[in-house]
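J.:
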Amino acid sequence: MATPADRCGYEQPVITRENVGAVCCWRPVWTGRERCVWHADEDEKPRAAFEAHPAERGERLDGAVLRGAFLTGADWFVDGTLIGADLSGAILRKTDFTGTDVRRANFRNADARGAVFDGANVEDAEFVDTEVQGASFENALFDRAVFREAHVDRNTRFGDRVAYDDDLEAVEGEALVVTAEAAIWTYKELQRLFGQNALPEVERRYYLREKDLRRRVAWLSGHYGRAVRLEAARWVTHYGTSPSRVVVSSLVLIVTCALLFPFTDGIREPATGTVIAYGPAGPAGMAAGELFATLFTSLYFSVITFGTLGYGDIQPVGTAARALASVESLLGALLLALLVYVLTRTL
5 MATPADRCGY EQPVITRENV GAVCCWRPVW TGRERCVWHA DEDEKPRAAF
55 EAHPAERGER LDGAVLRGAF LTGADWFVDG TLIGADLSGA ILRKTDFTGT
105 DVRRANFRNA DARGAVFDGA NVEDAEFVDT EVQGASFENA LFDRAVFREA
155 HVDRNTRFGD RVAYDDDLEA VEGEALVVTA EAAIWTYKEL QRLFGQNALP
205 EVERRYYLRE KDLRRRVAWL SGHYGRAVRL EAARWVTHYG TSPSRVVVSS
255 LVLIVTCALL FPFTDGIREP ATGTVIAYGP AGPAGMAAGE LFATLFTSLY
305 FSVITFGTLG YGDIQPVGTA ARALASVESL LGALLLALLV YVLTRTL
C-alpha cells in the first residue's frame, strides 16, 4: 500500500543481532519536506520543530536524522528506540537516553557531556571523537560499540561491572560463550578508552574486572586447568598488579616450610653435627627455649633456601627434607621473578 503524501513513510533497514522488525513512520511530513521533522535529511534542525512534534515515551524513531541538532536536556528518548539514528555533531548535554535502544546510532563528534545512557543499548553505536565527560552509561550494553578518540573524565560512569557480567550465572552453553565474549570485549574497550584519556586507575579497575570475569567463565565452562591458573594469578599477584601480594605469598611459603622442616628428618649444622628436628615426642615434648631455637634455625634455613642462596652452613637431612628444600627453592625463584615483573609493570 502506498504511503499517503502527507505522511513520512520512512522505513529503517533493521540490521541488529536481535532483529526487532521494521517500522514505518506515520508522522505528518514537515512543512515543505518529504519526510517528518525526525527523518528529514537536514542538518541543524531547530529545536522548536522537535518540540512542536515531540517523541512520545517509548516511541520508535529508527533512522532519525538529528545531525547538529541542539537537544540539551531533552528527555523525549527515554525507553524509546533510535536504532541507526544519526546524531553526529549534535549537542546532547544532559540529554536523557535512559533505557533507549541506540544500536548502530552515530554519535560522531557529538557533545554528550553529562548525558544519561543508563540501561541503554548502545551495541554497535559509534562514539568517535565524542565528548562524554560526566556522562553515565551504567548497566548499558556495549558489545561492539566504538569509543575511538572519545573524551572521558573521572566523572564518566560505566558502572562497577558491565551489564553482561551480571548475566553470566543465569546462562549456560552457547549463551554463556556469547555473553562472556561481549563482557570481555566491553572491558577491553573500557580499558583502552580510559588508558587513552590518561586515567590509569580506572583502566586498572576494568583490567581486574576482565581477569576476574575470565576466571569465573573458566569455572562455569568447565575449563578447570585454566581456572586454577587464574585463581593462582588472582591470589598471588592480583593478576600482575599487586607486589604486596607476591611478598605476602613469599612470606607464607617461607614460614610454612620453616614449620615443616622439623617434622622431617630435620636439618643439620655441619660444624657441630647437630640435627634440628622435633624428635619422636614432637613439639609438645620440647622445652620452650629449645622449641624457639629449633623454629628460629628452621626459619633461617627456609629464608636462605627460598632465596636460592645455597644451603650455607645448614643442610637438609633425609629425602623428605631435601625434597621440601628443592620445592621451596624452585617456588622461591618463581616468586622472585614474579615480584620483579609486577614491580616493573606497576611502577
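Sequential numbering from 5 applies to the sequence shown in the working numbering. Beta carbons: idealized from backbone N, C-alpha and C, even for Gly. These numbers were taken from a predicted model, which means no experiment stands behind them.
Any contact between the stretch 137-157 and the stretch 189-209? By contact I mean 3 or more CB pairs, one from each, below 8 Å.
T.: Judged by Cβ distances under 8 Å, the stretch 137-157 makes contact with the stretch 189-209, as three or more pairs qualify.
J.: Output needed for GLU332: all residues of its chain with C-beta closer than 6 Å, excluding positions within five of it in sequence on either side, in chain order.
T.: Counting only Cβ-Cβ distances below 6 Å, and skipping sequence neighbours, we find CYS261, THR309 and PHE310.
J.: Terminal residues of the continuous beta strand (DSSP E) containing ARG39?
T.: Run containing ARG39: none; DSSP gives neither H nor E here.
J.: For ASP83, which option in VAL106, TRP239 and ALA89 has the closest C-alpha, if you only look at C-alpha atoms?
T.: When only C-alpha atoms are compared, the closest one is VAL106.
J.: Please state the DSSP three-state secondary structure of ILE280.
T.: Correct three-state label for ILE280: strand.
J.: My assumption, with CB atoms under 8 Å, is that LEU224 sits in contact with TYR243. Please give the rounded CB distance.
T.: That belief does not hold up - the Cβ atoms of LEU224 and TYR243 are roughly 18 Å apart, past 8 Å.
J.: What three-state label does DSSP hand PRO320 in the structure shown?
T.: Three-state result, PRO320: strand.
J.: Nearest CA to the CA of GLY163: which residue from ALA52, ALA139, PHE111 and LEU328?
T.: Answer by Cα proximity: ALA139.
J.: Are SER302 and PRO266 close, meaning C-beta to C-beta below 8 Å?
T.: Cβ atoms of SER302 and PRO266: closer than 8 Å.
J.: Report the residue from LEU255, ALA109, ALA337 and THR323 whose alpha carbon sits nearest the alpha carbon of PRO17.
T.: PRO17 has its Cα closest to that of ALA109, out of LEU255, ALA109, ALA337 and THR323.
J.: Does the contact criterion of 3 or more C-beta pairs under 8 Å hold for the stretch 158-176 versus the stretch 199-215?
T.: Judged by Cβ distances under 8 Å, the stretch 158-176 makes contact with the stretch 199-215, as three or more pairs qualify.
J.: From ALA53 to ARG39, what does the alpha carbon distance come to, in whole angstroms?
T.: So the two alpha carbons sit approximately 13 Å from each other.
J.: Can the beta-carbon of THR99 be found closer than 8 Å to that of GLY77?
T.: In contact: THR99 and GLY77 (Cβ atoms closer than 8 Å).
J.: Below 8 Å on the Cβ atoms is my guess for THR241 versus VAL346; work out the distance and round it to an integer in Å.
T.: Indeed, because the Cβ distance is near 6 Å, the residues count as touching under 8 Å.
J.: What did DSSP end up calling VAL156 once you bin it into helix, strand or coil?
T.: In the structure shown, VAL156 sits in coil (DSSP, three-state: anything other than H, G, I, E or B).
J.: Taking only three categories from DSSP, how would you classify ARG107?
T.: Reduced to three states, the DSSP call for ARG107 is coil.
J.: Is the stretch 337-351 in contact with the stretch 279-296, if contact means three or more CB pairs nearer than 8 Å?
T.: With the cut-off at 8 Å, the stretch 337-351 and the stretch 279-296 do not touch.
J.: What does the Cβ neighbour count give for TYR210, buried or exposed, with the cut at 16 atoms within 10 Å?
T.: Result: buried.
J.: Between which two residues does the alpha helix (DSSP H) holding ILE308 run?
T.: Looking at the DSSP string, the run of the alpha helix (DSSP H) that includes ILE308 is 292-310.
J.: With DSSP as the reference, please indicate the residues paired to ARG117 in a beta bridge.
T.: Answer by DSSP bridge pairing: none, since ARG117 is not bridged.
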